[in-house]
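Student: Can you keep this structure in mind? I'll have questions shortly.
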Amino acid sequence: MIILAACAAGFILDLFFGDPAWIYHPIRIIGHLISGLEKKLYKEGTSPESLRRRGTLLWIGTAGIATLVPCLLLWAAFQIHPVLYFLLQSFWCWQLLATKSLKTESMKVKQALDTGTIEDGRKAVSMIVGRDTKSLTEEGVVKAAVETVAENTSDGIIAPLFYMMIGGAGLGFFYKAVNTMDSMVGYKNDRYLDFGRTAARMDDLFNLIPARLSAFLMIGAAGILGLFDSRHYSMANAWKIYKRDRHNHKSPNAAQTESVCAGALSVRLAGNAWYFGKLYEKPYIGDDIRPIEREDIRRANRLLYGTAVLGLLVFGLARLIVII
Numbered sequence: 109m110i111i112l113a114a115c116a117a118g119f120i121l122d123l124f125f126g127d128p129a130w131i132y133h134p135i136r137i138i139g140h141l142i143s144g145l146e147k148k149l150y151k152e153g154t155s156p157e158s159l160r161r162r163g164t165l166l167w168i169g170t171a172g173i174a175t176l177v178p179c180l181l182l183w184a185a186f187q188i189h190p191v192l193y194f195l196l197q198s199f200w201c202w203q204l205l206a207t208k209s210l211k212t213e214s215m216k217v218k219q220a221l222d223t224g225t226i227e228d229g230r231k232a233v234s235m236i237v238g239r240d241t242k243s244l245t246e247e248g249v250v251k252a253a254v255e256t257v258a259e260n261t262s263d264g265i266i267a268p269l270f271y272m273m274i275g276g277a278g279l280g281f282f283y284k285a286v287n288t289m290d291s292m293v294g295y296k297n298d299r300y301l302d303f304g305r306t307a308a309r310m311d312d313l314f315n316l317i318p319a320r321l322s323a324f325l326m327i328g329a330a331g332i333l334g335l336f337d338s339r340h341y342s343m344a345n346a347w348k349i350y351k352r353d354r355h356n357h358k359s360p361n362a363a364q365t366e367s368v369c370a371g372a373l374s375v376r377l378a379g380n381a382w383y384f385g386k387l388y389e390k391p392y393i394g395d396d397i398r399p400i401e402r403e404d405i406r407r408a409n410r411l412l413y414g415t416a417v418l419g420l421l422v423f424g425l426a427r428l429i430v431i432i
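For the sequence shown, the working numbering gives the first residue as 109, with consecutive numbering after it.
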């Protein structure tokens, strides 16, 4: 019951306060840990097999330390007093969720386009995507923002919530370490193709269930939102595009929520994109039923919030049934 209450408290705190700049975020500490281990383990000129072994050691070390330290601190807090344990669980559950911050950062893209130039929009979206943004059109900027909201609904909210409901903040830290390693060393470029292979594969594995749960929750959210705005949210089309396009990505998980979002909003997402000066050919997701527009960033965020709330209710009910 303490973990259930802590997840709910952390979720509410995240909705109201997001990630305050004055609090040093623990994911930054995990990032420093990954960078430090990478400097010690990565050796230029070694064989692909050696790089893969070293990358596996990086994964084991990062995941182990990032999980063990918070678990020990939570255990120590419980020994002092259960209330302190609850407060620490709630605080970390808050920090491990990103609902409001994802909305805030994506809406900065819309605000930049509304009040500034295309250059302002490109600069704003470059803060939340990994692709090259210098040559993006307005349509490309909006698509990038919507895709980021859709994909990170799983990575930033539903997946950590799923793991925290199972094992509290300790398991939440494990997931965030896995996800952060993928975002830092999981690239398929010359440096990380072998060294980051374990990080990329483990991220795929631990997102396998949450990504699909996120898709179904988002379909449900589209249905609820469609009751109030059937013109811009379609549960039927979300389900149709999900069934058709959920595998239109090299990652087994990335297109799960992107396909639902594209279908729900009746727009086309994805397609070719530039990364680090290289063009990557990617299939489209969704149908070009109508042109994508700036307001779709706000609509995607409504889907984000609806999915997040449904996730809390469904996971919370499941944990309550298990406890009872």
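C-beta atoms are modelled at their ideal positions from N, C-alpha and C, and glycine is treated no differently.
Terminal residues of the continuous alpha helix (DSSP H) containing isoleucine 131?
Tutor: Counting along the chain, isoleucine 131 falls outside any alpha helix (DSSP H), and DSSP gives it neither H nor E.
Student: Under a three-way DSSP split, which group does isoleucine 236 fall into?
Tutor: coil
Student: In three-state DSSP terms, what is alanine 378?
Tutor: strand
Student: If the criterion is Cβ atoms closer than 8 angstroms, does the pair alanine 319 and asparagine 287 meet it?
Tutor: no
Student: Whose CA, out of Ala116, Val417, Thr164 and Asp263, lies closest to the CA of tryptophan 200?
Tutor: Ala116
Student: Starting from serine 291, follow the alpha helix (DSSP H) in both directions and report where the run begins and ends.
Tutor: Here the alpha helix (DSSP H) through serine 291 covers 267 to 293.
Student: Can the beta-carbon of valine 422 be found closer than 8 angstroms to that of leucine 325?
Tutor: yes
Student: Indicate the three-state DSSP secondary structure (helix, strand or coil) for tyrosine 413 in the structure shown.
Tutor: helix
Student: Could you tell me how far apart the beta carbons of serine 262 and asparagine 315 are, in whole angstroms, since I believe they sit closer than 8 angstroms?
Tutor: 7 angstroms
Student: When the Cα atoms are used, what is the spatial distance from leucine 221 to glutamate 213?
Tutor: Going from the Cα of leucine 221 to the Cα of glutamate 213 covers about 13 angstroms.
Student: The alpha helix (DSSP H) that contains alanine 206, what's its start and end?
Tutor: Segment: none, alanine 206 is in no alpha helix (DSSP H) and carries neither H nor E.
Student: Please identify the residue among Lys251, Glu227, Ala232 and Ala258 whose C-alpha is closest to the C-alpha of serine 243.
Tutor: Glu227
Student: If I follow the unbroken alpha helix (DSSP H) through proline 156, where does it start and stop?
Tutor: Under the DSSP assignment, proline 156 falls in the alpha helix (DSSP H) whose first and last residues are 156 to 188.
Student: Take alanine 330 as the anchor and find which of Tyr271, Ser158 and Leu418 has the nearest alpha-carbon.
Tutor: Leu418
Student: Out of Ile405, Phe282, Leu165 and Thr306, which has the shortest C-alpha to C-alpha gap to asparagine 134?
Tutor: The identity of residue 134 in the sequence shown is proline, whereas the question assumes asparagine. Nearest option by C-alpha distance: Phe282.
Student: Determine the DSSP secondary structure at isoleucine 332, reduced to helix, strand or coil.
Tutor: helix
Student: Give the DSSP-derived three-state secondary structure of tyrosine 193 in the structure shown.
Tutor: helix
Student: Do alanine 323 and tyrosine 350 have their C-beta atoms closer together than 8 angstroms?
Tutor: Yes, the pair counts as a contact, with Cβ atoms nearer than the cut-off.
Student: Determine whether the beta carbon atoms of alanine 171 and alanine 267 lie at a separation below 8 angstroms.
Tutor: no
Student: Between which two residues does the alpha helix (DSSP H) harbouring asparagine 297 extend?
Tutor: Asparagine 297 -> no alpha helix (DSSP H), and no H or E assigned at all.
Student: Tell whether a beta-carbon distance below 8 angstroms holds between lysine 216 and arginine 406.
Tutor: no
Student: Does the beta-carbon of histidine 340 have 16 or more other beta-carbons within 10 angstroms, so that it is buried, or is it exposed?
Tutor: buried
Student: Tell me tyrosine 392's beta-bridge partners as DSSP assigns them.
Tutor: Ala378
Student: Assuming phenylalanine 303 and glycine 163 form a contact by the criterion Cβ under 8 angstroms, report the distance between their Cβ atoms to the nearest whole angstrom.
Tutor: 4 angstroms
Student: Looking at the ligand NAP, does it come within less than 7 angstroms of asparagine 345, judged from the CB to the closest heavy atom?
Tutor: Ligands in the displayed structure: none, and consequently the ligand NAP is not present.
Student: Under 7 angstroms Cβ to Cβ from aspartate 404, same chain only, skipping five residues before and after it: list those, please.
Tutor: Excluding sequence neighbours, aspartate 404 sits near Val250, Val254, Leu373 and Val375.
Student: Is it buried or exposed, leucine 269, if we count other Cβ atoms within 10 angstroms and call 16 or more buried?
Tutor: buried
Student: Assuming leucine 373 is part of the alpha helix (DSSP H), what are its boundary residues?
Tutor: 362 to 373
Student: Express the C-alpha separation of tyrosine 271 and threonine 207 in angstroms, rounding to a whole number.
Tutor: 16 angstroms
Student: Who are the near neighbours of isoleucine 397 in its chain, counting only those whose CB is closer than 6 angstroms to its CB and skipping five residues on each side?
Tutor: Ser374
Student: Determine the direct distance from the alpha carbon of alanine 174 to that of isoleucine 168, and round the result to whole angstroms.
Tutor: 10 angstroms
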